[in-house]
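Right, one structure below, let's go through it.
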Amino acid sequence: MSSHSAPSDDEAPGLYLHVPFCASKCGYCAFYSQPTAGRDMPRLVSALLEEAQRYQAVPAVRTIYIGGGSPTSLPADQLARLVETVASTWPNAEEFTVECNPGQANIEMLSMLACCGVNRLSFGVQSFHRSELELLGRRHSADEAVRSVRQAQDLGFTNVGIDLIFAVPGSTLDSWQRSLESAISLGMQHISAYSLSFEPGTPLYEARRLGRIDSIEEDTDRAMYELAIDLLAAAGFVQYEISNFAREGFECRHNMGCWENRPYIGIGPSAASYWRGERTANVADIDAYISRIEAGRPATEQRQQPDRDDCICETAVLNLRTRRGVNLADFQRRTGADFRKVFATPLRRHEREGLIEAGAGQVRLARRALAVADSVLCDFSSL
Numbered sequence: 032m033s034s035h036s037a038p039s040d041d042e043a044p045g046l047y048l049h050v051p052f053c054a055s056k057c058g059y060c061a062f063y064s065q066p067t068a069g070r071d072m073p074r075l076v077s078a079l080l081e082e083a084q085r086y087q088a089v090p091a092v093r094t095i096y097i098g099g100g101s102p103t104s105l106p107a108d109q110l111a112r113l114v115e116t117v118a119s120t121w122p123n124a125e126e127f128t129v130e131c132n133p134g135q136a137n138i139e140m141l142s143m144l145a146c147c148g149v150n151r152l153s154f155g156v157q158s159f160h161r162s163e164l165e166l167l168g169r170r171h172s173a174d175e176a177v178r179s180v181r182q183a184q185d186l187g188f189t190n191v192g193i194d195l196i197f198a199v200p201g202s203t204l205d206s207w208q209r210s211l212e213s214a215i216s217l218g219m220q221h222i223s224a225y226s227l228s229f230e231p232g233t234p235l236y237e238a239r240r241l242g243r244i245d246s247i248e249e250d251t252d253r254a255m256y257e258l259a260i261d262l263l264a265a266a267g268f269v270q271y272e273i274s275n276f277a278r279e280g281f282e283c284r285h286n287m288g289c290w291e292n293r294p295y296i297g298i299g300p301s302a303a304s305y306w307r308g309e310r311t312a313n314v315a316d317i318d319a320y321i322s323r324i325e326a327g328r329p330a331t332e333q334r335q336q337p338d339r340d341d342c343i344c345e346t347a348v349l350n351l352r353t354r355r356g357v358n359l360a361d362f363q364r365r366t367g368a369d370f371r372k373v374f375a376t377p378l379r380r381h382e383r384e385g386l387i388e389a390g391a392g393q394v395r396l397a398r399r400a401l402a403v404a405d406s407v408l409c410d411f412s413s414l
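Here our numbering is used: the first residue of the sequence shown is 32, the next is one more, and so on.
So this is what it looks like as structure tokens:
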């Protein structure tokens with residue numbers, strides 16, 4: 032593989048740590064996680080730190096992101112041990128995010144995170160309506176979500192985001208608008224808005240299969256998405272990716288690195304990495320992960336060495352997810368390919384359909400393509 036087809040080895044990576052514990056599994060979640068009951072959490076944290084130390088020769092990481100699962104499902108002393116050790120190993124990360132579960136992240140825990148150098152929090156609020164929270168399997172209330180966010184702000188956190196889910200069965204345009212307005216009124220710097228996805232193997236998928244719940248109509252789903260774009264824009268948020276909105280300067284730098292196809296290192300069960308031109312994924316089993324780490328073995332279960340065509344397509348699809356789109360000069364510098372030439376056929380078709388906008392040195396999805404982005408991006412996934 033030619034050197035320009037992959038991130039440079041001297042490019043500072045993002046660092047992701049996966050805490051695979053939750054108080055209980057949400058009905059829609061397909062990420063690898065397990066209930067906390069009966070788990071040896073100190074042992075898991077020790078394994079996470081041991082795996083992280085294998086990368087201590089990496090002189091700097093650009094960003095740190097601790098997600099899950101729910102990091103705040105860890106006992107406070109174990110979360111502190113994890114955060115403090117990572118922060119001291121890589122003290123100059125420009126962004127340090129911890130995902131927080133409303134109701135779990137009390138003021139003592141939030142204060143600890145602030146003292147340890149965490150400068151960005153992401154709360155999994157999902158909805159401000161009790162019926163929707165119950166259907167999604169969330170354990171917190173809307174009041175607890177508001178209280179957690181307010182406590183973080185009172186402690187001095189100036190970069191706080193929340194996740195919201197729309198198209199929940201039983202929801203309406205009006206209920207979705209009220210959730211958005213509640214989020215805006217909290218003074219957020221970042222809001223993510225995702226359409227509910229029914230993933231195979233999840234309780235909600237099974238409930239829909241059995242006819243116990245119905246999906247929201249496609250037209251309503253799209254109307255909810257368009258409402259989010261318009262309402263958040265009117266409130267001063269910039270849409271910088273298909274599902275992500277931020278006030279100027281508060282884009283999630285860690286995720287932007289992924290969408291720019293830059294390197295990242297994943298630590299923990301099921302965590303993925305893109306490092307030194309190789310894509311890997313750790314074993315998605317807590318006990319197997321711990322056993323491998325304690326035995327001094329790699330936790331990696333899957334490896335892929337992307338070839339030049341893979342890197343071209345991955346970079347194109349990831350870049351097009353952002354509202355910045357593909358910078359043609361940067362794309363050629365990073366991949367060695369002329370974007371307009373290698374994707375001439377889908378570009379012509381989608382420009383003709385009004386789904387792609389091409390400007391001076393840039394190609395991006397048109398506004399009307401955002402709601403059908405997956406089908407458009409599919410045409411850039413292979414050469």
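Beta carbons are placed, not taken as given, at the ideal position from N, Cα and C, and that holds for glycine.
*asked:* Would the segment 193–207 count as touching the segment 160–175 if we require 3 or more Cβ pairs under 8 angstroms?
replied: yes
*Alpha carbon to alpha carbon, how far is Pro329 from Tyr47? Give it in angstroms, no decimals.*
Cα to Cα, the separation comes out at about 17 angstroms.
_Between the alpha carbons of Ser34 and Met255, how many angstroms are there, rounded?_
A caution first: Ser34 carries a pLDDT of 37, below 50, which makes its placement in the model unreliable, though a value can still be read off. Distance between the alpha carbons of Ser34 and Met255 is about 43 angstroms.
_Does Cys146 pass the burial test, meaning 16 or more other C-beta atoms within 10 Å, or should it be called exposed?_
exposed
*Select from Pro90, Val50, Val373 and Ser77 the residue whose C-alpha is nearest the C-alpha of Glu42.*
Pro90
*Is it a yes or a no for the segment 330–340 touching the segment 109–129, going by three-plus beta-carbon pairs under 8 angstroms?*
no
*State the Cα-Cα distance for the pair Met219 and Ala302, rounded to the nearest angstrom.*
28 angstroms
*Could you pull the start and end residues of the beta strand (DSSP E) that Leu396 belongs to?*
Run containing Leu396: Gln393 to Leu396, per the beta strand (DSSP E) assignment.
*Enumerate in chain order the residues of its own chain whose CB-to-CB distance from Gly45 is below 6 angstroms, with the five nearest sequence positions on each side excluded.*
Arg93, Thr94, His285, Gly288 and Tyr295
*Three-state secondary structure assigned by DSSP to His49*: strand
*Exposed or buried, what is Thr189 when buried is set at 16 or more other beta-carbons lying within 10 Å of its beta-carbon?*
exposed
_Please identify the residue among Ile196, Ala136, Ala124 and Glu249 whose C-alpha is closest to the C-alpha of Gln182._
Ala136
*asked:* What residue range does the beta strand (DSSP E) around Tyr362 cover?
replied: The residue you asked about is not Tyr; residue 362 is Phe in the sequence shown. Per DSSP, Phe362 lies in no beta strand (DSSP E) segment; the continuous alpha helix (DSSP H) that holds it begins and ends at Leu359 to Thr366.
_Cβ neighbours of Asp369 in the same chain (closer than 7 angstroms, five flanking residues each side left out)_ = So the list reads Gln363, once near-sequence residues are dropped.
*Nearest-angstrom beta carbon gap, Gln87 and Thr120 [assumed within contact, 8 angstroms]*: 6 angstroms
*Starting from the C-beta of Leu401, find all residues in its chain whose C-beta is less than 7 angstroms away, skip the five residues before and the five after it, and write them out in chain order.*
Ile273
*What is the DSSP secondary structure of Leu418, reduced to helix, strand or coil?*
As shown, the chain starts at 32 and ends at 414. That puts residue 418 outside it, with no answer to give.
*Return the chain-ordered list of same chain residues with a C-beta closer than 7 angstroms to the C-beta of Ser412, the five sequence neighbours on each side being excluded.*
Cys344 and Val348
*Look at the Cβ atom of Ala173, then the Cβ atom of Phe159, and state whether they are nearer than 7 angstroms.*
yes
_Spatial neighbours of Tyr96 in its chain, beta-carbon cut-off 6 angstroms, leaving aside the 5 residues before and after_ = Tyr47, Thr128 and His285
*Would you mind working out which of Asp252, Leu211 and Ile193 sits nearest Leu262, comparing C-alpha positions?*
Leu211
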